[in-house]
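As C-alpha cells, the structure follows; a few thoughts come after it.
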Amino acid sequence: MRGKKSDNQIRRRVIALVLGIGVAAGYAGAAEPLVPLKVNGRYLVDAKGQRVTLKGCNLGNWLLLEPWMLGIHDSRLRDQHDIFTVLNERFGSSKAKALLDVYKENWITSREFEIIRSFDFNLVRIPFHHSLLAIEEKPFELRPDAFRWLDRGIELAEQAGVYVVLDMHGAPGGQSTDMTSGRIGENLIWDNAIYQKRTAWLWQQIARRYRDRAAVVAYDLINEPWSDYKQDVSSTLVSLVGEIHDEIRRVDGDTLILAPGDLQRVDFYGEPRTRGWQNVGFTEHFYPGLFHRGEPCLETHALFIDTVIQSRIELMRRFNSPYLVGEFNVVFDWAAQPELMRNYYEIFNGNGWMATMWSLRMIHPAGGVHRDNWFLATNAEPYSFPDLHKDSYETIEAGLRKLGTQKLDVDEELRQELTTASPRKLLLAGRELKTVTRAKAVSGWSSRDIGGAKNGKAQDNGDGSITVWGAGDDIWDTRDSFHFLHRKAAGDFEVSALLKSFTAFEWFAKAGLMLREDDSADAANAFIHVFSDGHVILAYRKYKGGETSQKQLGISGFPVRLTIGRKGKDAYVGFTDSDGKSNKVAVPAVPSLEKRGRVGLAVLSHDGQYAVPATFCGLTTQSGEGGIEFASEKNLLRNGSFEVVENAENASDRAQSWNRWGQWFNRQDNWQPKKDGECMLAYHHWKIESNDNSGVYQDVTGLTPGERVTFTVYALGDKPAHKNAGPDSVELRMESPSYGRVLRLATRTYDCDVISTGGAWSKLQLTATVPTDAVRVLIVVNPSKETGREAAIKFDDASLVVAKD
C-alpha cells in the first residue's frame, strides 16, 4: 500500500490482523436493518424511490464445490460429483454428509462477511447446487434441512448489512458440460421436460420461503446455460425462463428475476414486458482476455468496454430492465487488475447495474496473496486440502475445520484500489465504436443488413473514405449475417478499395469485398476479407445454401488494398501483400456469379449485439489498380532493420539496441531470401533444447501518454520437413511500466503454420495505447514441444510509429 494510510485504511488493517489470528470478531458497529428494494425500470430503489447501488462478490465454492478453488488438481476429483462419490464410497452417505456440513460451516463464516464489508461491498451472490435443496431420487420433494445453508448465508448477510442474489449454479439435469454445473458432461436439462419442470418447481419453493426477506433482492435462475458451447439453446431457454417466471409469480409477485445470457447474448429474449414478464432483468458473466475472448491485455479490455459493454448499456436502456454482471474478474496483474476492477465497478454501477466479482475466497497451497488471483482473501500460510482418497475420516474432518480458523491474507492492493477516494489513473484506448445515428449515405451504393443482422450502417466521411459499421454473427457455414454496402455487378467489372483500418474484438470479425448472388442469408458468394490481425482470406459458397470454403492468402496487416472482379465468367480477387505488390487469385467456379450479382463492402463483428467499424479509402470501380505507396512515418525504434551489429567482431550475433533472452535468436547477414538490406534476425529452431520461449525486445521513451502506437515486423518461416517440427508461434507484445510493475498493453499471437514460408513476407502488427511515456516492444517465439525440431523463422524491418486515425 502506497502513501499515507487513512483512518479507514488503518481500521481495515486492524480488522485484517484480527482475522489473521482466526478470531470470529463481531462487526465494527451493528449493521442497519436492510430495507426492501423494489424494481423501478432498470434500477433498484428504496422506499423513497432513491436508486441503490449494489456491488460485491460471489460466495463461490461454498454450496457448489469447484475443486480448483480448493487447490485440488487431481484428475479423479474433477467436480463436485466426484468429491461426493469418493466420500460416499469411503464413509457412507451419513458420514459423507457430516463432512460436507463441516466444510460448509467453516468455508463461510462471519469473518468472511467482515472482509466483504471492508471492500465497501453490500451484495453477495450465493451459488448453490439444486441437490442442496431437493432429493435427487425423489423429484418434487425437498430435503428435511433443505434451506439450512441458504438461511445461514442470508442471516450472515443481514447481520453484515449485505444484500443477496440467490444463484442456482447447478440446475436439475445440468445446464452445461462444464464443471461449474456440479458434474462435468451432465447437460440434460435442454431435452428433458421433467428436469425443466423440476427447476421451475424448485424456484417456486425458494420464492415462497424468501419472498418477504428484504435481504434477497434477486433470483438468478440458471448459471451459465451454455449447453455444449455449440448448440443454440436460446429458444428453449426463453421457454424455460418463462415457465420459471410463472411459477415464481404464483407465490412472489415482486422479487427481481434475472434471465441468464446464452453464450454472451441476451437480446434474443426481447423486451420482458412483451412476454408478460413482471420485474425481469438480465444477467451475464464477463471475462475478457479469458475463455476465448481475446488476449489478456489492456487493449482487449478497452475494446471489450467499447463494444460488448456499450451494447449492453444501450440494450438495457431499450429494454428498461435491471442488469447483473454476475461474475467478472480481470485476474492478471499485468492487465492492471486492481485499477481495471475499479474501472469496471464504476462503469457497471454508473449504469445502475449490480455487479459481483468472482470470488470471495480460494485456497492457495503455498499460502499468501499472489499475483494473477481470483480472490479477495486466501490462506495466509501453506495449506493442503485433505487427501479424500487416503486420509482418515478424522484427518479429513480436522482439515475441513481448519478452514474456519486458519489465518487469512486479504488482497490489500485490490482492497485499497476499490475503496480509495483517489484511485490510480488508467489510460485505456477509449475508441468511439458506437454506431453513428446520422450517417451520410454513400452515393450510388445501397446499404443493408443481411441475415438478421442489426445496427449496421455505412457513412461517407467526406474525405474520400467510407466507414462501414457491421454487426452480425458470421459469414460462414450455410447462412450469413453481416452488413453489406453494395451495387449491381453486370458483365466485366473490378472493384477496389484500400482497407485502412478495422477495429474488432472477436477473433473472427471480418471486413472486405464481396460478390454475392443476392441479399438472402444463404446466397452464393465470393468474399476476400481481412481479420483484425491482418490475415487475408478468400471465402466462397458455390451454391445457395451450400457450405462455405476458404483459403488463406497471406498476412498483410493494415492498410491493405483489396480487389474483387469478374472477367467473362471468371471471378477473381486480389490484395496487396506486405511488400505493397498486387496479387490476384482466381475464385473457384460459382455458377450463379458468372453473369450477375451484387458487389460491395462487407463487415461483421461476429457478435450480433454490436457493430464494429471498418474504414475504406479510394473505393473505385475502375480497373487497373496496381500496388500502393504508403506515407512514411517516423520509426521510433532504433536499428529497426537490424543492419547495425552490437559487436563488429561477430556479425552473426546481437543487433544493436535490441536485447534478447532464451536460445539462438541471432542477427544474420548471409541468409536468403532477404527482405531489405543485408541483415535480419533469425530464430534457429533446430538448436533449441528447452521448451522455454526466446525473444528480443527494445525500450522506447519520450512518448506522450494516451498516444496510440503501432508495432510492425515482417516474418518469414522455413517449412519443416515434418509436421509440428517447426516453431509453434510468434507473439508480438507491447508493455509499459506503471505503478511499480509492467503492464501488458497489447499482445497478438500468430501460429507459425500460417506465417509465410515463401514469397511475400508476413506482416505482423499490433496497436496499443501507451499509458506512460515509455513502451517496450517484444518479439517472442514459442518452440514446439515436439522432438526432431527443424526449420527457422526470420524477422526484418521492425517499426514503431504513432498510429494515425
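By this note's numbering, the letter at position 105 of the sequence shown is numbered 107, and the numbering carries on one by one without gaps.
All residues carry an ideal CB built from backbone N, CA and C; glycine is no exception.
Just so we're clear, the structure is a prediction, and the values are computed from it rather than from any experiment.
Check	Outcome
Just to confirm before moving on: does the CB-CB distance between Leu515 and Leu564 stay below 7 Å?	yes
Do you know whose CA, among Asp451, Asp462, Ala431, lies nearest Val811's CA?	The requested residue 811 is not part of the displayed model; the chain covers only 3 to 807.
For the beta strand (DSSP E) holding Ile196, just list the boundary residues, first then last.	Premise fails: Ile196 lies in the alpha helix (DSSP H), 195-212, not in any beta strand (DSSP E).
Using DSSP with H/G/I as helix, E/B as strand and the rest coil, what is Tyr347?	helix
What did DSSP end up calling Cys59 once you bin it into helix, strand or coil?	strand
Taking the beta carbon of Arg78 as the centre, do at least 16 other beta carbons fall within 10 Å, making it buried, or is it exposed?	exposed
From what residue to what residue does the alpha helix (DSSP H) around Asp153 run?	150-162
Alpha carbon to alpha carbon, how far is Thr749 from Ile795? Give it in angstroms, no decimals.	19 Å
What is the residue span of the alpha helix (DSSP H) that Val243 lies within?	236-251
Name the DSSP beta bridge partners of Asn668, please?	Ala684
Could you give the distance in angstroms between the alpha-carbon of Gly369 and the alpha-carbon of Gln418?	21 Å
Along the chain, where does the alpha helix (DSSP H) that runs through Val104 open and close?	82-109
Only counting the same chain, and skipping five residues up and downstream in sequence, which positions put a Cβ closer than 7 Å to that of Glu680?	Glu645, Asp671
Could you pull out every residue in the same chain whose Cβ sits closer than 6 Å to the Cβ of Val803, ignoring the five residues on either side in sequence?	Glu635, Thr712
Nearest to Ala460 by alpha carbon, out of Val412, Thr469, His303?	Thr469
Under the rule that 16 or more other beta-carbon atoms within 10 Å means buried, what is Asp193, buried or exposed?	exposed
In its own chain, which residues sit with a C-beta less than 6 Å from the C-beta of Asp609, not counting the 5 before and 5 after it?	Glu508
Per DSSP, Ile259 forms a beta bridge with which residues?	Tyr221, Val282
In angstroms, rounded to a whole number, what distance separates the CA positions of Asn884 and Asn345?	Coverage of the chain is limited to positions 3 through 807, which leaves residue 884 absent and any answer about it impossible.
In three-state terms, what does DSSP make of Gly514?	strand
For Asp775, I'd like the list of residues in its chain whose CB is within less than 8 Å of its CB, leaving aside the five on either flank, ordered along the chain.	Thr703, Gly704, Leu705, Thr706, Pro707
Beta-carbon within less than 6 Å of Lys442's beta-carbon, same chain only, minus the 5 sequence neighbours each way: which residues are those?	Gln461, Asp462
Can you tell me the Cα-Cα spacing of His247 and Phe142, whole angstroms?	17 Å
Mapping the DSSP letters down to three states, classify Asp476 as helix, strand or coil.	strand
What does DSSP give as the partner residue(s) for Ala723 in the beta ladder?	Per DSSP, none; premise fails for Ala723.
List the whole-angstrom C-beta distance separating Val616 from Val605, where the pair is believed to meet the contact cut-off of C-beta under 8 Å.	Strictly speaking, residue 616 in this sequence is Ala, with Val absent from that position. Sure, about 5 Å apart at Cβ, within 8 Å.
Answer yes or no: do Tyr212 and Val219 have a C-beta to C-beta separation smaller than 7 Å?	no
What whole-angstrom Cβ distance do Gly474 and His485 have, given they're in contact under 8 Å?	7 Å
Using DSSP's beta-bridge definition, name the partner residues of Ala573.	Arg568
Roughly how many whole angstroms lie between the Cα atoms of Trp660 and Gly697?	10 Å
CB Asp482 to CB Ala523, shorter than 7 Å?	yes
Using C-beta distances below 6 Å, list every residue in its chain close to Thr421, excluding the 5 sequence neighbours before and after it, in chain order.	Asp122
By the three-class DSSP mapping on this structure, what secondary structure does Phe121 have?	coil
Helix, strand or coil for Glu519 per DSSP?	coil
List the endpoints of the continuous beta strand (DSSP E) containing Glu737.	731-740
Which residues share a DSSP beta bridge with Met170?	Phe130
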